[in-house]
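Per full-length UniProt numbering, residue 1 is the first one in the sequence shown, and the count goes up by one each step. What follows is a single structure, written as structure tokens, with notes after it.
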Amino acid sequence: MSTDEGSGLAIKKLREFGYAFNAEGQLRRIDDITGEPGEEPFKFTISDDHNKNQEHYEKLADQIPEIVYDLLEQNGLRRTYVPEDIPQDEATFIFTKPQKLVEPKKLIVLIHGSGYVRAGQWARSLIINNSIDHGTQIPYIKRAQALGYDILVTNTNDNFRIINGENRPIPRLGHATAHARYVWEKYVMGCNPESVAIVAHSYGGAIAMDLANRFTKFFEDKVFAIALTDSAHFQIPGKAKHVVLDIACNWVSSSAGLDTEIYTGEGEMHSVSAGHPKHEWTSYSAFESVFKFLEEKYERSQVIQTSKKAKTENN
């Protein structure tokens with residue numbers, strides 16, 4: 001299925017449920033008279049039967065990934081099929097801009113959480129109940145583009161394909177961690193970037209910690225910032241702790257004001273309030289603070305690199 005077919009089919013199915021996204025990216029019930037999105041937002045309850053309500057929600061939510069994929073491509077990102085040595089219909093894909101990453105000066109890697117979300121999403125509930133900007137990575141992508149980053153959007157939950165009637169793991173990508181390791185080594189390290197930033201939400205934080213532990217030398221040399229939103233990493237791996245503590249910050253769900261310091265224990269990652277008490281809101285609510293942090297860390301990394309270069313030239 002082509003990209004246009006996938007997106008068009010998803011939008012058509014969404015309309016079959018009586019919904020569409022309006023110009024502001026809000027999901028609204030289609031007006032019976034105009035045939036366009038009206039004022040009524042999505043309603044979970046359509047029946048007294050909870051199972052029927054949940055089934056209706058899931059069928060509607062199933063259309064979200066293809067719609068978001070289309071939005072990524074509208075913003076200039078392109079699919080790269082992974083792994084590259086198997087048929088495309090048996091592979092998954094990541095999104096990058098430019099499509100072929102070659103020695104980027106600044107590369108940002110976006111890692112979503114676990115569950116049903118796919119590339120380009122932070123929280124599908126926010127996409128459905130609030131707006132595309134609330135629940136997708138599109139605002140992060142647009143800001144990163146404006147700041148001169150090359151971009152890689154991961155897709156670490158997409159690891160199975162139905163082949164000959166069987167749901168089979170994609171070779172070398174059987175689970176989120178294996179998927180991330182493969183993509184990191186092949187496409188992040190493989191493009192020889194000058195500097196790298198990571199933004200990860202929820203379980204994406206655990207994936208980021210695994211990558212730091214597995215590729216510590218690369219993190220020491222190239223990764224200048226790790227921005228996590230309500231990370232589920234549990235602990236910092238000992239091997240990479242010195243790196244992580246130096247370059248990472250976790251914006252946690254909290255009713256405290258944005259950027260309020262949150263003490264999480266001696267020797268733990270620097271944590272601040274994301275400015276919202278709900279987990280799924282943290283990437284949206286911390287947006288401005290995250291990019292302020294990234295820019296500060298990037299400027300710091302450039303000062304350090306300049307100093308190292310001067311010392312080398314003087315020796």
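For glycine and all other residues, C-beta sits at the position ideal for the given N, C-alpha and C.
Candidates the options: closest to residue i by CA position
| i | options | result |
| --- | --- | --- |
| Glu194 | Phe219, Phe93, Leu211 and Ala212 | Phe219 |
| Ala232 | Val223, Ala208, Ala240 and Arg214 | Ala208 |
| Tyr149 | Ser307, Pro277, Val109 and Ala240 | Val109 |
| His175 | Asn157, Asn192 and Met189 | Asn157 |
| Ile226 | Lys106, Ser47, Lys297 and Asp89 | Lys297 |
| Thr260 | Ala286, Thr45, Ser125 and His112 | Ala286 |
| Arg214 | Leu14, Glu268, Tyr57 and Pro237 | Pro237 |
| Pro171 | His56, Pro83, Glu266 and Leu77 | Pro83 |
| Leu77 | Glu268, Lys97, Trp184 and Phe160 | Lys97 |
| Val102 | Lys186, Gly257 and Thr216 | Lys186 |
| His242 | Glu280, Gly267, Gln305 and Ala23 | Gly267 |
| Val183 | Glu299, Gly115 and Ala91 | Ala91 |
| Thr177 | Ser273, Asn159 and Glu166 | Asn159 |
| Tyr140 | Arg79, Arg124, Ser114 and Leu72 | Leu72 |
| Arg161 | Ser301, Glu313, Pro87 and Leu27 | Pro87 |
| His134 | Leu27, Gln305, Phe234 and Glu58 | Leu27 |
| Ile304 | Asp246, Cys191 and His276 | Asp246 |
| Met189 | Asn51, Leu107, Arg300 and Tyr116 | Leu107 |
| Arg124 | Glu313, Trp281, Thr45 and Asp48 | Trp281 |
| Met269 | Ser307, Lys309, Glu288 and Leu228 | Leu228 |
| Ser114 | Arg300, Ser307 and His279 | His279 |
| Phe44 | Gln235, Asp89, Glu58 and Glu36 | Glu58 |
| Ala144 | Glu36, Lys292, Tyr81 and Asp89 | Lys292 |
| Asn130 | Phe42, Phe234 and Asp89 | Phe42 |
| Leu147 | Asp89, Ser307 and Glu299 | Glu299 |
Proximity below 8 Å, CB of residue i to CB of residue j
| i | j | result |
| --- | --- | --- |
| Ile94 | Leu152 | yes |
| Leu211 | Ala180 | yes |
| Ile132 | Phe21 | yes |
| Ile128 | Ala61 | yes |
| Ser253 | Asp221 | no |
| Asn75 | Lys142 | yes |
| Phe224 | Val244 | no |
| His112 | Gly204 | yes |
| Val199 | Trp251 | no |
| Ser273 | Leu258 | yes |
| Tyr19 | Leu126 | no |
| Ala10 | Gln63 | yes |
| Ile262 | Ser255 | no |
| Pro104 | Cys191 | yes |
Presumed contact (8 Å Cβ cut-off) between residue i and residue j, rounded CB distance
| i | j | result |
| --- | --- | --- |
| Pro65 | Arg118 | 4 Å |
| Asp31 | Gly38 | 4 Å |
| Thr136 | Val68 | 6 Å |
| Trp122 | His201 | 5 Å |
| Glu40 | Arg29 | 4 Å |
| Thr216 | Ala240 | 5 Å |
Residue i - partner residues in DSSP beta bridges
| i | result |
| --- | --- |
| Lys92 | Residue identity differs from the one stated: residue 92 is Thr in this sequence, not Lys. DSSP output for Thr92 lists Val82 as bridge partner(s). |
| Phe234 | DSSP lists no partner for Phe234. |
| Phe224 | Bridge partners of Phe224: none, in fact. |
| Pro169 | Phe160 |
| Phe21 | Leu27 |
| Leu152 | Thr96 and Val109 |
| Ile198 | Val109 and Ile226 |
| Ser301 | In the DSSP output, where bridge partners are listed per residue, Ser301 has none listed. |
| Ala248 | Ile226 |
| Gln121 | Thr136 |
| Val272 | Trp251 and Glu261 |
| Pro37 | Ile30 |
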